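Sequence order for the protein chains is P and H.
Residue numbers for the first sequence follow this note's numbering, beginning at 1 and rising by one.
Residue numbers for the second sequence follow this note's numbering, beginning at 1 and rising by one.
Idealized CB from N, CA, C, for every residue including glycine.
Predicted, not measured: the structure shown is a model, and the values here were computed from it.
There are 2 protein chains.
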Amino acid sequence: MTQCSTYMHECLYFTANALARNMGKMADKAFKGTGLSPSHAFMLMLVNEQPGITQKELSEHLSLAPSTLTRFADSLAYRDLVQREHKGKTVRLYPTSAGMALSEPIAQAWKSLYLDYSAILGEKSGIELTSDIDQANKRLDDLA
Amino acid sequence: MTQCSTYMHECLYFTANALARNMGKMADKAFKGTGLSPSHAFMLMLVNEQPGITQKELSEHLSLAPSTLTRFADSLAYRDLVQREHKGKTVRLYPTSAGMALSEPIAQAWKSLYLDYSAILGEKSGIELTSDIDQANKRLDDLA
DNA sequence: CTTTGTTGTTTGTACATACAAATACAGTGG
DNA sequence: CCACTGTATTTGTATGTACAAACAACAAAG
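Next comes the structure, spelled out in structure tokens:
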């Protein structure tokens, strides 16, 4: 705890990024068994649940840029976890059987991630923090 | 607000990353005038305040990997904003006059970032959220 | 039915960041 | 003084993510 005349930990940009990196490490470990990064896993999960979902919709659900979704879709398609259907200007994604087979492992990894950080932060605090952050995101999104 | 049977917004990994991206965008805008990314600006700030600081120390203050600090130092040195002094195995960083000249612009950008998000979240909520996140980070760091 | 604006996707490119392995130095027990 | 161990840095390489520009398809209006 070296002292620091610039109080970076009082800056939301700074703390938010540090938290994201911390959680990223944890999530990477938790999802390692699935062979997918957490973000790819979330994406596949959405495709499994809503076959035919478009990339636009995915980018909204995941708050990721459309171009990012293109790359992710490339990657999942390359591994035969989803199939793309181009209809007009939109692209719809459907899970393959290999993709669906990952549903369970992903759900488990996700649960395990939840347990991991709950163990450190306390379940209740974790839930509250998550909810507070989510509220903040809603306001920030609206003004973007 | 499309509904989603997978409640990603109840996952701390997910919300934390979304917040980091949101804040990142804001910070990029706020720091644009300085010609530096927010992270580089923070680093330069620390060097300005503690001339002779080592990369190890910087990596602790900034919660960034040592290798990342090497690249950042490269970049700042390349733009003649810091000078490196290799002494034994450690590297100490000193600001140049150009680096020091950026102190003020950086401080202003930082303040402006603070005002920006405070305007959206409310100053008090912003402070509380930042502090909550900081607490969480402290616990997560300890167990890494 | 053509022009013009809007929306969904893709591509080129760039950046922050990380991990693992390599390197270079420093300190210790023999 | 030497071998061994630990610590600070660097390098190679990879990933996630973004923006801006290009592109493709549709919609609306003249």
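*Validate contact between the region 132-143 of chain H and the region 115-122 of chain P using beta carbons, cut 8 Å, 3 pairs*: Between the region 132-143 of chain H and the region 115-122 of chain P, the count of Cβ pairs shorter than 8 Å is three or higher; the stretches touch.
*State the start and end residues of the unbroken beta strand (DSSP E) segment that holds residue 94/H.*
Start and end: 90-95.
*Please report how far the alpha carbon of residue 7/H lies from the alpha carbon of residue 52/P, in whole angstroms.*
Rounded to the nearest angstrom, the two C-alpha atoms are 19 Å apart.
*Tell me residue 87/P's beta-bridge partners as DSSP assigns them.*
Partner(s): 90/P.
_Per-residue burial, residue 66/P [other beta carbons within 10 Å of its own, 16 or more giving buried]_ = The residue in question, residue 66/P, is exposed, as its Cβ has fewer than 16 Cβ neighbours within 10 Å.
*Examine the Cβ distances between the region 75-85 of chain P and the region 35-47 of chain P and report whether three or more of them are shorter than 8 Å.*
Between the region 75-85 of chain P and the region 35-47 of chain P there are three or more C-beta pairs closer than 8 Å, enough to call the two in contact.
*What does residue 38/P reach in chain H if we use C-beta pairs closer than 7 Å?*
Contact note: residue 38/P reaches chain H through 13, using a C-beta cutoff of 7 Å and chain order.
*When burial is assigned at 16 or more other CB atoms within 10 Å of the CB, is residue 28/P buried or exposed?*
The residue in question, residue 28/P, is exposed, as its Cβ has fewer than 16 Cβ neighbours within 10 Å.
*Would you kindly work out how many angstroms separate the C-alpha atoms of residue 62/H and residue 135/H, rounded to a whole number?*
Rounded to whole angstroms, the separation of the alpha carbons of residue 135/H and residue 62/H is 16 Å.
*Does at least one heavy atom of the ligand COA sit under 8 Å from the Cβ of residue 35/H?*
The ligand COA is not among the ligands present in this structure, which contains no ligands whatsoever.
*Interface residues of chain H facing residue 33/P [CB-CB closer than 7 Å]*: Correct list: empty, because the minimum Cβ distance to chain H is about 16 Å.
*Hey, quick one: how far does the alpha helix (DSSP H) through residue 25/H stretch, first residue to last?*
Residue range 12-31 is occupied by the alpha helix (DSSP H) that includes residue 25/H.
*Please list, in chain order, all residues of the same chain as residue 98/P whose beta carbon is under 7 Å from its beta carbon, the five residues on each side excluded.*
Result list for residue 98/P: 80 and 81, in chain order.
*How would you list, in chain order, the residues of chain H whose beta-carbon sits under 7 Å from the beta-carbon of residue 10/P?*
Chain H residues near residue 10/P: 130.
_Proximity to residue 89/H [Cα-Cα], best of 69/H, 106/H, 77/H and 54/H_ = That would be 54/H, whose Cα lies nearest to the Cα of residue 89/H.
*Beta-carbon neighbours of residue 27/H, restricted to chain P and to distances below 7 Å*: Counting only Cβ-Cβ distances below 7 Å, residue 27/H has contacts in chain P at 13, in chain order.
*asked:* Our contact map puts residue 133/P next to residue 16/H with C-beta atoms below 8 Å; I'd like the distance itself, whole angstroms only.
replied: Contact flag correct, Cβ pair sits at about 6 Å.
*Spell out whether any CB of chain P is found under 9 Å from the CB atom of residue 113/H.*
Yes, residue 113/H lies at the interface with chain P (some Cβ there is under 9 Å from its Cβ).
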